[in-house]
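Each remark here refers to the structure printed beneath this line.
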Amino acid sequence: MNTKTKGYLLGIIAASSYGMNPLFALPLYQAGMDPDSVLFFRYLFAIPVLGIMLKARGRDFRLRRREIVPLIVMGLLVAISSLTLFLSYNYMDAGIASTILFVYPIMVALIMWAVFKEKLALMTGFCILLALAGIGLLYKGSDGTTLSLPGTLLALGSALSYAIYIVGVNQPTLKEVATLKVTFYVLLFGLSLFIVRLYLDGDLRTPGEWYLWANLLALAIFPTAISFLCTTSAIQYIGSTPTAILGALEPVTAIFFGVTIFGEILDFRECVGLTLIIVAVSFVIAGPKMTGYLIRFRKMFPRIPKLPRLHKGPHHMG
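For the sequence shown, the working numbering assigns the number 433 to the initial residue and increments by one for each residue that follows.
In structure tokens:
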């Protein structure tokens, strides 16, 4: 398996597993837990899993001084993204929130263009407008009521912080650090945000039923340890923008579980909105390839040269 194939496969696994957030988080909400408590246990349980994997591969936990601050920043960005996404579930259906989160690949493309002078193709600009149109359709339901403004802003905030993380973790300072170690410290430093918030709030809620502890463990393994580990690996193999675009599977996974398990209902307007967003961001990654395909397709039908007009002279009767 070549490097690119491995990177795309890891990106698909990362996106699909991250889309499982609502599957494990919503039952915990229904049992009376709040986002801070859920995320505290999610990160707390994921850290030992990654620590064991780190030791099993013979890696140490040492960091160079220049790596500490970037990892703290990356950890806080991931924690903020998780917190704002989980808070948005209180205001809107999980599938819709996850779809709004899906604009983060466009944000990655914009950051790469604005900060790192990466060329922003015309197709990317068109896709940004298409995605915004999709969000506009999601914002207003069929009954005329609009989605919660706080919920929408929280989901967009989650997308922005995750986009900055994806760009930041691909910078030279962290490229030399082993993927497992990066993920371990990102979650460790991210956990500090929830410790501070719970300390200030003074209310750590625990699940009352044994099977809900299994939900917390699954939340720690699939959308946390596996997803962040695969995301970091994919970024190192194929770069930030392609990894971000593979997030197309996140809202698809989230909506699938939202509709099949939690009984969420999507009307026609919302379906069109979801489709526009998924198509827009899919085109971002397909852009260069698609341009090549279109040019190749166009060459199959060469333009027929126009024949010169025949100038007819006056008819003579004779």
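C-beta atoms are modelled at their ideal positions from N, C-alpha and C, and glycine is treated no differently.
Residue i, DSSP secondary structure in three states
i, result
"residue 603", "coil"
"residue 468", "helix"
"residue 510", "helix"
"residue 580", "coil"
"residue 638", "coil"
"residue 755", "Missing from the structure shown is residue 755; the chain here goes from 433 to 750 and no further."
"residue 669", "helix"
"residue 453", "helix"
"residue 492", "coil"
"residue 595", "helix"
"residue 521", "coil"
"residue 610", "coil"
Assigned exposure category for residue i - 16 Cβ within 10 Å defines buried
i, result
"residue 632", "exposed"
"residue 616", "buried"
"residue 638", "exposed"
"residue 689", "buried"
"residue 433", "exposed"
"residue 587", "buried"
"residue 685", "buried"
Cut-off 8 Å between Cβ atoms - residues of its own chain near residue i, not counting five sequence neighbours on either side
i, result
"residue 436", "669, 670"
"residue 476", "623, 652"
"residue 471", "511, 514, 515, 518, 626"
"residue 682", "447, 448, 450, 451, 530, 533, 534"
"residue 612", "482, 485, 486, 489, 491, 661"
Spatial neighbours of residue i in its chain, beta-carbon cut-off 6 Å, leaving aside the 5 residues before and after
i, result
"residue 590", "513, 516, 517, 533"
"residue 560", "538"
"residue 596", "509"
"residue 562", "708, 712"
Neighbourhood of residue i by C-beta, 7 Å cutoff - its chain only, sequence neighbours within 5 removed
i, result
"residue 599", "540, 543, 544, 672"
At what residue ranges does the region 542-570 contain a whole run of the alpha helix (DSSP H), taking only runs of 4 or more? none
Touching or not, the region 528-538 and the region 640-647, by the rule of three or more beta carbon pairs under 8 Å? no
At least three beta-carbon pairs within less than 8 Å, the region 548-567 to the region 502-509: no
Let me know the alpha helix (DSSP H) ranges lying completely inside the region 679-708, each 4 residues or longer, listed in chain order. 681-692
Are three or more beta carbon pairs between the region 652-663 and the region 452-460 nearer than 8 Å? yes
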